[in-house]
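Scroll down for the structure; my scribbles are underneath it.
Protein chains in written order, with the working numbering: chain A, 1 to 423; chain B, 424 to 846.
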């Protein structure tokens, strides 16, 4: 793992895939076809891309029950405990509607309403991601969303969805599940088909076709962020243990050859020891091939002159995940301005947050922590402003409002006030 | 104004301008040029589009002082009172950082941090919009944003910004103001020039070139929504006064020939009376030409069989502005699921909220109230999740977390936990 000296012009190398023009054209044509032909298009694309001839687009009650039989009891208990932790954390994000009252009769306020319906995309591929299901469905559930839809491509051999995904969905409270993947699934969620009613917002990760389709339908429905490859930055001093820091860097690196793992430290000794540990631990990793490419291309250890400079580097990176592994990690928290999730101290390795602790694992990547937040309950609610003026309030303020309207050249605005004042 | 019977298939006609391919190419080339040539490009484009040869890109201290001399004292007092109302409403939107603690030593939480910097675009043209300045700057200020930048095209004759805009900016607390408009201003805010340092988020309305430029830079910086033409829906029964309802519909219609003004009512008598009043009031409006085109093309009165059906229509419309002018307006509030701002009762005409009452006038248009909120303090803050596990907490939960990681095929995640458990 390369060790670099930090300098003014540093910019961390990250990978962002915005897709090719060709991919964009394919995605547009898939969406168009689904809008025209509905279910029939979904079945045709599933046959073409997943090699599965769907009988039912929806997962059946029997398939849902079967999933529970396939899953190990201990794993079920872990999924249930994780769901409980995640639910409990997100319940703390709830804010009520509120109002203010004034003696003159004015009431102002903010009404909080859950979205009517949301759709969660769950990627297919080699592994099942029940944690994704929990992290997307539970905030929507806590927010009060009535209709939560899940869609995911069927397994190319069995034609089914993974048992762990079906179990996590049911534990989280999502019962409407479809066996459709890719851009065609996003089109169905946005515009509806005979079987799948449209939703108001689409969340969840996916491959480049899914990402492009989400961009395409954005505006007609809402979407969550378009997630880039995963990132971790570890901020550490010489009290950190090199083997633990190395293990944490590799836990990101194994996700994806484009994942970005970075250590920032004022300790040259730690830098060298971590670099050596990374090489050593890589040797025995099952996903060694992925992790080593990620470390080679997007990994780096930055050595700074001071801890202040290291913190400044972290704020410029605005990493998705930040670990603070220093002598006094809590003291540094107030200096961190930009990070999606902050893991504090040596007993809080990042995987604690991926599955179990409670905070969401859907986090802003690629420096967008400068202006974006982890997925949360408010992403599944919206607000309406409330304005109630009494006759007295309008009399007191009407002429001022009319004058402001005329300052902006809007006479009809002024008259809408004055027609009432004159009575 | 046309009177229509509501039916199953109704969809309100709205205008959305996504720009042409040609406009997109122009905008891309302007952005590219600003990224390359910085201030020089800004000056060249300002000369070309605004006919002004800029000496200073920034508004000078003298220009700021001059603005106060140009503005009427009464208007200044009204702007100050409006600013105070808006500030006070948005302060109620503030939520603190929070944490939870557990006996086993776990701390989980959510840290709230303001954005470092935001840029507000203020459109130029025939009228000045000080209310836009207040509505965009004050939430950012209340959120705690340290650097707030305003940019607006110089007047084609004087080369200056309108006095009312400069005064509103200073009253709201924004001192960094530039005389640049169009796509070039958005490029400068996103990527920076010698004079204008880049910001993290860009808000504010603008013409199609500004909107396309915001779409283009989105991702590198955050943007607010892309606003469509203004809309009002009035939900009324036969207790509403036709002249007042007509005046309110016209106050939207005068904004823009694409503005959308709709009355939904179960009362055929009201429908007819309002239609007649609209024609009558139109005759004396200074912006009659704009308002009549808007009413002709995008205005409608829908008559329903029942009040329930009228409410259902409103929820399907998800209007930007909703007025409820019925015998019992407060009783209907709980049934309204989708609206940007809700004005209750006959003494709360929509212009009350445009300038003065306190809630934001930047609202979701074109049906996006289904999933979007008024501009608010949280648009200028972001959250970071906090995870602190104690040694005890990691011991209690570590094996469960490792098992979940292995269920997803992520061995390095499991090892990052276990390397700590083994010690």
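No residue lacks a Cβ here, since even glycine has one placed at the ideal position from N, Cα and C.
Does chain B have any CB closer than 8 Å to the CB of residue i?
i: residue 75 of chain A; result: yes
i: residue 200 of chain A; result: yes
i: residue 214 of chain A; result: no
i: residue 90 of chain A; result: no
i: residue 194 of chain A; result: no
i: residue 244 of chain A; result: yes
i: residue 401 of chain A; result: yes
i: residue 217 of chain A; result: no
i: residue 230 of chain A; result: no
i: residue 370 of chain A; result: yes
i: residue 320 of chain A; result: no
i: residue 345 of chain A; result: yes
Among the options, which one has its Cα closest to the Cα of residue i?
i: residue 230 of chain A; options: A:270, A:17, A:221, A:399; result: A:17
i: residue 475 of chain B; options: B:602, B:707, B:685, B:657; result: B:602
i: residue 842 of chain B; options: A:58, A:269, A:281; result: A:281
i: residue 129 of chain A; options: A:151, A:113, A:110; result: A:151
i: residue 413 of chain A; options: B:554, B:777, B:797; result: B:777
i: residue 605 of chain B; options: B:632, B:658, B:802; result: B:632
i: residue 279 of chain A; options: A:269, A:296, A:265, A:268; result: A:296
i: residue 373 of chain A; options: B:804, B:826, B:839; result: B:804
i: residue 326 of chain A; options: A:312, A:235, A:409; result: A:235
i: residue 91 of chain A; options: A:358, A:399, A:408; result: A:358
i: residue 153 of chain A; options: A:312, A:314, A:302, A:45; result: A:45
i: residue 426 of chain B; options: B:611, B:721, B:482; result: B:721
To the nearest angstrom, report how far apart residue i and residue j are at their CA atoms.
i: residue 443 of chain B; j: residue 494 of chain B; result: 40 Å
i: residue 446 of chain B; j: residue 392 of chain A; result: 49 Å
i: residue 125 of chain A; j: residue 55 of chain A; result: 21 Å
i: residue 25 of chain A; j: residue 498 of chain B; result: 54 Å
i: residue 186 of chain A; j: residue 221 of chain A; result: 10 Å
i: residue 563 of chain B; j: residue 638 of chain B; result: 21 Å
i: residue 793 of chain B; j: residue 385 of chain A; result: 14 Å
i: residue 670 of chain B; j: residue 225 of chain A; result: 41 Å
i: residue 591 of chain B; j: residue 505 of chain B; result: 10 Å
i: residue 365 of chain A; j: residue 543 of chain B; result: 25 Å
i: residue 484 of chain B; j: residue 565 of chain B; result: 24 Å
i: residue 662 of chain B; j: residue 672 of chain B; result: 17 Å
i: residue 681 of chain B; j: residue 508 of chain B; result: 30 Å
i: residue 617 of chain B; j: residue 361 of chain A; result: 38 Å
i: residue 534 of chain B; j: residue 356 of chain A; result: 19 Å
i: residue 471 of chain B; j: residue 35 of chain A; result: 43 Å
i: residue 276 of chain A; j: residue 825 of chain B; result: 24 Å
i: residue 146 of chain A; j: residue 487 of chain B; result: 52 Å
i: residue 521 of chain B; j: residue 489 of chain B; result: 45 Å
i: residue 763 of chain B; j: residue 651 of chain B; result: 13 Å
i: residue 810 of chain B; j: residue 342 of chain A; result: 6 Å
i: residue 404 of chain A; j: residue 501 of chain B; result: 7 Å
i: residue 190 of chain A; j: residue 199 of chain A; result: 6 Å
i: residue 317 of chain A; j: residue 774 of chain B; result: 44 Å
i: residue 611 of chain B; j: residue 287 of chain A; result: 43 Å
If we define contact as Cβ-Cβ less than 8 Å, is residue i a contact residue for chain A?
i: residue 452 of chain B; result: no
i: residue 799 of chain B; result: yes
i: residue 838 of chain B; result: yes
i: residue 827 of chain B; result: yes
i: residue 620 of chain B; result: no
i: residue 479 of chain B; result: no
i: residue 671 of chain B; result: yes
i: residue 832 of chain B; result: yes
i: residue 685 of chain B; result: no
Answer yes or no: the CB of residue i versus the heavy atoms of the ligand COA, is any distance below 7 Å?
i: residue 564 of chain B; result: The ligand COA is not part of this structure, which contains no ligands at all.
For the region 84 to 167 of chain A, which segments carrying the alpha helix (DSSP H) assignment without a break, of at least 4 residues, lie completely within its bounds, in sequence order?
130 to 143
- prompt: Three or more beta-carbon pairs under 8 Å between the region 455 to 469 of chain B and the region 744 to 760 of chain B, yes or no?
  reply: no
Item to complete: Could I get the ranges of all uninterrupted alpha helix (DSSP H) runs contained in the region 718 to 799 of chain B, with 4 residues as the minimum, in chain order?
Response: 730 to 740, 752 to 755, 774 to 778
**Contact the region 590 to 610 of chain B vs the region 662 to 669 of chain B: 3+ CB pairs below 8 Å** = no
Examine the Cβ distances between the region 391 to 405 of chain A and the region 768 to 782 of chain B and report whether three or more of them are shorter than 8 Å. yes
task = Determine, using beta-carbon pairs with one atom in the region 583 to 593 of chain B and one in the region 520 to 530 of chain B, whether at least three such pairs fall under 8 Å.
result = no
Does the contact criterion of 3 or more C-beta pairs under 8 Å hold for the region 283 to 300 of chain A versus the region 251 to 270 of chain A?
yes
Inset, instruction - Could I get the ranges of all uninterrupted alpha helix (DSSP H) runs contained in the region 471 to 505 of chain B, with 4 residues as the minimum, in chain order? - result: 484 to 493
**Asked** Mind pulling the alpha helix (DSSP H) runs of 4 or more residues that sit fully within the region 223 to 278 of chain A?
**Response** 242 to 253
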